[in-house]
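One structure is given here, and the rest of the page talks about it.
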Amino acid sequence: MSRYLLFAACVAGLLLSLGLALHSTVWIWPALLFGVLTAVGLGDLLQRKATLRRNYPLLAHFRYGFEAIRPEIRQYFIEDDLAEVPFSREQRALVYQRSKGVMDVVPFGSAHDPYGVDYEWINHSMVPRHAESHDFRVAIGGTAATRYQASVLNISAMSFGSLSANAIRALNAGARRGGFFHDTGEGSISSYHREHGGDLVWEIGSGYFGCRDDSGRFDATRFKDNACDPQVKMIELKLSQGAKPGKGGMLPAAKVTEEIAKARGIPVGKDCLSPAAHPEFSTPLGMLEFMARLRELSGGKPTGFKLAVGHPWEWFGVAKAMQESGIVPDFIVVDGAEGGTGAAPAEFINHVGLPMHEALMLVHNTLVGLDLRDRVRIGAAGKVTGAFEVARTLAMGADWCNAARAFMFALGCIQSRTCHNDHCPTGVATQDPKRWRALDVEDKATRVFNYHQNTLRALRDLLGAAGLEHPSQIGPEHILRRVSPTEVRSLASLYRFVKPGELLDHIPEHRVFQQFWAQSRSDSFHAPVRVAAMREAKRH
Ligand SMILES: Cc1cc2nc3c(=O)[nH]c(=O)nc-3n(C[C@H](O)[C@H](O)[C@H](O)COP(=O)(O)O)c2cc1C
Numbered sequence: 001m002s003r004y005l006l007f008a009a010c011v012a013g014l015l016l017s018l019g020l021a022l023h024s025t026v027w028i029w030p031a032l033l034f035g036v037l038t039a040v041g042l043g044d045l046l047q048r049k050a051t052l053r054r055n056y057p058l059l060a061h062f063r064y065g066f067e068a069i070r071p072e073i074r075q076y077f078i079e080d081d082l083a084e085v086p087f088s089r090e091q092r093a094l095v096y097q098r099s100k101g102v103m104d105v106v107p108f109g110s111a112h113d114p115y116g117v118d119y120e121w122i123n124h125s126m127v128p129r130h131a132e133s134h135d136f137r138v139a140i141g142g143t144a145a146t147r148y149q150a151s152v153l154n155i156s157a158m159s160f161g162s163l164s165a166n167a168i169r170a171l172n173a174g175a176r177r178g179g180f181f182h183d184t185g186e187g188s189i190s191s192y193h194r195e196h197g198g199d200l201v202w203e204i205g206s207g208y209f210g211c212r213d214d215s216g217r218f219d220a221t222r223f224k225d226n227a228c229d230p231q232v233k234m235i236e237l238k239l240s241q242g243a244k245p246g247k248g249g250m251l252p253a254a255k256v257t258e259e260i261a262k263a264r265g266i267p268v269g270k271d272c273l274s275p276a277a278h279p280e281f282s283t284p285l286g287m288l289e290f291m292a293r294l295r296e297l298s299g300g301k302p303t304g305f306k307l308a309v310g311h312p313w314e315w316f317g318v319a320k321a322m323q324e325s326g327i328v329p330d331f332i333v334v335d336g337a338e339g340g341t342g343a344a345p346a347e348f349i350n351h352v353g354l355p356m357h358e359a360l361m362l363v364h365n366t367l368v369g370l371d372l373r374d375r376v377r378i379g380a381a382g383k384v385t386g387a388f389e390v391a392r393t394l395a396m397g398a399d400w401c402n403a404a405r406a407f408m409f410a411l412g413c414i415q416s417r418t419c420h421n422d423h424c425p426t427g428v429a430t431q432d433p434k435r436w437r438a439l440d441v442e443d444k445a446t447r448v449f450n451y452h453q454n455t456l457r458a459l460r461d462l463l464g465a466a467g468l469e470h471p472s473q474i475g476p477e478h479i480l481r482r483v484s485p486t487e488v489r490s491l492a493s494l495y496r497f498v499k500p501g502e503l504l505d506h507i508p509e510h511r512v513f514q515q516f517w518a519q520s521r522s523d524s525f526h527a528p529v530r531v532a533a534m535r536e537a538k539r540h
């Protein structure tokens, strides 16, 4: 209620000064002032464009006021535009501009230091190209009937529950208009996902929401019902996510509302557990067999899994299981440790799992080495906001990118980092109806659509400058990184790229493969003997 305090005070001030003005004309001036403020507050409450103003009538203007002078204050006293917390102001501003369709050009010159270590760029060509369309697609799996033509930029998994009803509606409506997919997140398919009919990737986490029996185990009949819905284009088995891999979750009884219970297929008002590990399998081969079962039950829709890479021998075990069994996912989504979440313990957010670049390289290299790369498409997520990040991720081996927080910015998220306490000021990551009702679905759907469109246009222009016409043509030789004040390397020379089929012949000269490939097993996630022996050494 404190949100309305200033507005209420102005209304009270207006009434009081009007009353006093009956006795003395001097009170007309305060009445006028309070009148104007009350009118502005009313305007805030009634307008639909700015969620913040609806949620914080009058008060929000202080934010806009401070925002207006922020560049000056920051320039003189505080941080620079490139400080990542976790997204820099520059990154967010780009999404805001592209989603509002306002000018996204930069005046005067770059704020980046081209001589600083880690500075990256794409080399341009003497013969630039211009692709006719920016609607870049990648064909994923399935038979001709079920193959999915995915955009190269899509909405990463975020559940209804972590995001509000109106946020889900706006994301899905934007995805529908732009022809890209909207990943449901592990909270399954809610009624809000269905209203606008945008393409869905249905994510199945360890809680099997939307396809579980009363004891929380996988229920094939329930799975089939949802999976066969034509709006569901692909099935994604979630093994882990970058921000909190290996961490299960408990949705407390109080948060299990009727709507959430209905979407997830769980009882209302009872604690709901997402175990850390999947109860349906315990070996790499078992995981692939389960995934193959999902594919079959879905009628052959493209089916794959999402993972944040941890122990290399576990990933290698999965790759060996593909090679030995012939069960191959249609796609793998690689999530980096830099990924986001609604809430996770600090240690998990900051110190668990491989960042996206290393994880992507490992997955890509393994599939190339096994000659499986043409059968498995790779998606990648990890702080993608602008077209350069998309281009770099594709250059490193991905076929498409998913973005979660960039699409939250398109919805109006201001990085207040309150997703965990239900106080999201922009109505994006909250279940408080008083907050999320202020998020205007139509307006924000347009922003989601615009952000996607304008980013792909920028990607087309970037590729064109490099002499390319399609993202599939970009490779690690196109991206350069400064590694010291006097040395610049292309990604092609920085990373070791395994040759097609190399793993079938010998173990590549690559440290991780040398250390773990030989001993990794398709029938066990356990650490190889040599690793276990290091552990044992402590006890002697
Ligand atoms: C609010 C929020 C909720 C998320 N929920 C899920 C989820 O249900 N399942 C999942 O696999 N990943 C989830 N993620 C992770 C994202 O899908 C994504 O993989 C990660 O944030 C990296 O993308 P980004 O850097 O573009 O945000 C969530 C992320 C956020 C920010």
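Oh and the sequence shown: position 135 is 135 in UniProt numbering, straight run, nothing missing.
By construction, the Cβ of each residue, glycine as well, lies at the ideal position given by its N, Cα and C atoms.
Extent of the continuous beta strand (DSSP E) run through ALA139
DSSP places ALA139 inside the beta strand (DSSP E), whose first and last residues are 137-140.
If we count the other Cβ atoms within 10 Å of its Cβ and call it buried at 16 or more, is GLY161 buried or exposed?
Residue environment for GLY161: buried (at least 16 other C-beta atoms within 10 angstroms of its C-beta).
CA nearest to the CA of ARG511, picked from GLU358, ALA403 and HIS478:
GLU358
How about ASN166 and VAL441: do their beta carbons lie closer than 8 Å?
Contact flag set, yes.
State whether the region 130-137 contacts the region 366-381, with contact taken as three or more CB pairs (one from each stretch) at a distance under 8 Å.
no
Take the Cβ of LEU360 as the centre, count every other Cβ of all protein chains shown within 10 Å, and call the residue buried at 16 or more, exposed below.
buried
Would a C-beta distance cut-off of 8 Å place ILE168 and TYR192 closer than the cut-off?
yes
Given a cut-off of 8 Å, decide if PHE331 and GLY286 are closer than it, judged by their beta-carbon atoms.
no
For CYS401, which residues from the same chain have a beta carbon less than 8 Å from its beta carbon, with the 5 sequence-adjacent residues on both sides left out?
VAL152, LEU153, ASN154, GLY379, ALA380, ALA381, VAL384, GLU389, VAL390, THR393 and LEU394
Could you say which of ARG489, ALA527, PRO471 and VAL363 lies nearest to VAL498 if we only look at CA atoms?
VAL363
Unbroken beta strand (DSSP E) run spanning GLU236, endpoints
232-238
Should the region 30-42 be regarded as contacting the region 6-14, the criterion being three or more beta carbon pairs within less than 8 Å?
yes
Whole-angstrom Cβ separation of ALA344 and MET158, contact assumed at under 8 Å?
So it is not a contact: roughly 14 Å between Cβ atoms.
At a cut-off of 7 Å, would you count THR446 as near ligand 1, judging by its Cβ distance to the nearest heavy atom?
no
When PRO500, ALA438 and ASN421 are compared against LEU46, the one with the closest alpha-carbon
Of the listed residues, the one whose Cα sits closest to LEU46 is ALA438.
Can you tell me which of the three DSSP states ASN421 falls into?
coil
Quick check: does the Cβ of GLU389 come within less than 7 Å of any heavy atom belonging to ligand 3?
Among the ligands in the structure shown, ligand 3 does not appear; only ligand 1 can be found there.
Contact test: THR341 Cβ vs ligand 1 heavy atom, cutoff 7 Å
yes
Check whether the region 94-105 and the region 404-413 are in contact - that is, three or more C-beta pairs closer than 8 Å.
A contact exists between the region 94-105 and the region 404-413.
Any heavy atom of ligand 1 closer than 7 Å to the beta-carbon of MET158?
yes
Quick one: is the Cβ of GLU338 within less than 7 Å of any heavy atom of ligand 1?
yes
Starting from GLY249, trace the beta strand (DSSP E) in both directions and tell me its first and last residue.
Annotation: the continuous beta strand (DSSP E) that includes GLY249 extends over 249-251.
Among the residues of its own chain, which have a CB less than 7 Å from the CB of PHE218, if the five just before and after it don't count?
TYR208, CYS211, ARG212 and GLU280
Since ALA403 sits in a beta bridge, which residues does DSSP pair it with?
ILE155
Presumed contact (8 Å Cβ cut-off) between SER156 and ASP183, rounded CB distance:
6 Å
Within the chosen definition, does the region 312-324 reach the region 516-523 through at least 3 CB pairs nearer than 8 Å?
Yes, the region 312-324 touches the region 516-523.
Return the CA-CA distance between ASN454 and PRO128, expressed in angstroms with no decimal places.
20 Å
Do LYS238 and LYS306 count as a contact pair if the criterion is CB distance below 8 Å?
Contact check for LYS306 against LYS238 passes: the beta carbons are separated by less than 8 Å.
Whose CA, out of GLY185, GLY216, SER190 and GLU195, lies closest to the CA of VAL201?
GLY185
How do the region 474-484 and the region 104-120 stand: do at least 3 beta-carbon pairs fall below 8 Å, yes or no?
yes
Minimum length 4: unbroken alpha helix (DSSP H) runs contained in the region 330-362
346-351
Heavy atom of ligand 1 within 7 Å of SER520 beta-carbon:
No - ligand 1 has no heavy atom lying nearer than 7 Å to the Cβ of SER520.
CB THR366 to CB ALA319, shorter than 8 Å?
Their beta carbons are under 8 Å apart, which means THR366 touches ALA319 by this criterion.
Secondary structure at HIS124, three-state DSSP: helix, strand or coil?
DSSP places HIS124 in the coil class of the three-state scheme, outside both helix and strand.
Within the region 176-246, ranges of the beta strand (DSSP E) (whole runs, at least 3 residues):
Within the region 176-246, the runs of beta strand (DSSP E) at least 3 residues long that lie entirely inside it are, in chain order, 200-204 and 232-238.
Tell me whether GLU487 sits in a helix, a strand or coil according to DSSP, three-state version.
GLU487: strand per DSSP, three-state reduction.
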